[in-house]
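Some notes on the structure that comes next.
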Amino acid sequence: MTATRLALDLAVTIRHDGHGGVTDDLADPDGLTTWIAERAALLDCAADPVTDDPALHTAVRELRAAVRALFARAVRPGPPSSADAHRLLPEDTALHRLNTAAALVPTSPQLSWEPGAPPALRQHPHGTPPAADRIAAALARAALTFLAGPDRDRLRACPAPRCVRYFVKDHARQEWCSPSCGNRARVARHHERHKEGRRDPS
Ligand SMILES: [Zn+2]
């Protein structure tokens with residue numbers, strides 16, 4: 001589902017850097033431009049590419065903070081991602097921020113049905129809002145749709161060592177965001193058991 005994918009994609013722009021730290025794909029406006037270009041169709045801005053826009057950069061990072069605060073709530077009683085667990089936005093601020101951004105661009109549902117293709121429903125913006133508003137509103141709407149929808153129950157913070165990703169479980173027994181995280185976690189558990197065994201031979 002598009003909403004789930006967009007909301008998750010935004011959240012996981014904060015990720016493990018592969019060396020024990022955390023990196024941010026949206027740290028600078030260039031990173032945001034690339035990220036948006038890769039999702040231009042989903043964000044309804046393919047015809048109107050965005051380049052270096054500091055206001056949009058700030059807005060998207062603020063939306064991400066709101067999304068991550070509400071993801072932390074959604075995964076309870078499980079633990080949140082450790083990347084920002086100590087500095088989460090208050091939940092009412094996060095909700096207000098997402099609702100306000102979603103209202104930037106009023107939309108109407110519009111159906112298209114090309115020959116040989118299934119019918120497609122999209123939210124068509126009223127008037128001609130600037131691309132930056134459309135992008136912020138599309139991200140906020142995706143987050144609202146995901147958080148109110150059935151996929152929210154399968155949201156987890158990956159518990160593998162050093163991983164800070166949120167993911168949506170594909171099946172009930174999935175524990176990790178990816179096979180590589182599963183391998184790392186199993187190796188860590190094995191070492192832990194091995195250490196305990198050495199300390200306590202009984
Ligand atoms: Zn992981």
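Residue numbers (the UniProt record's numbering): 1 to 202. Ideal placement from N, C-alpha and C gives every residue a C-beta, glycine not left out.
- The continuous stretches of alpha helix (DSSP H) do not include Pro109, which lies in the beta strand (DSSP E) extending over residues 107 to 112.
- Contact between the segment 26 to 37 and the segment 53 to 71 is present, with at least three C-beta pairs closer than 8 Å.
- Those residues that have a beta carbon less than 6 Å away from any non-hydrogen atom of ligand 1 are, in order along the chain, Cys158, Ala160, Cys163, Arg165, Trp176, Cys177, Ser178, Cys181.
- Membership of Val67 in the alpha helix (DSSP H) is indicated by the continuous run 54 to 74.
- In the structure shown, His16 adopts extended strand secondary structure according to DSSP, grouped into three states.
- Using a 10 angstroms sphere on the CB of Ser81, the tally of other CB atoms reaches 16 or more, which defines it as buried.
- Non-local beta-carbon contacts of Leu70 in its own chain, meaning distances under 8 Å to residues more than five positions away in sequence, involve Glu91, Ala94, Leu95, Leu98, Ala143, Leu147 in chain order.
- A straight-line Cα-Cα distance of about 24 Å links Met1 and Cys181.
- In this structure, DSSP gives Ala142 a helical state, which the three-state scheme calls helix.
- Within the same chain, and ignoring the five residues on either side of Ala157 in sequence, the residues whose Cβ sits closer than 7 Å to its Cβ are Val75, Gly78, Pro79, Pro80, Ser81, Tyr166.
- A distance below 8 Å separates the beta carbons of Val164 and His16.
- Cβ-Cβ separation between Asp133 and Val105: approximately 5 Å, consistent with a contact (criterion under 8 Å).
- For Thr33, the closest C-alpha among the options Gly21, Val22, Thr13 is that of Thr13.
- The residue among Thr107, Pro119, Arg162, Val67 with its C-alpha nearest the C-alpha of Leu89 is Val67.
- The DSSP-derived three-state label of His191 is helix.
- Per the coordinates, the alpha-carbon of Ala172 lies some 14 Å from the alpha-carbon of Arg152.
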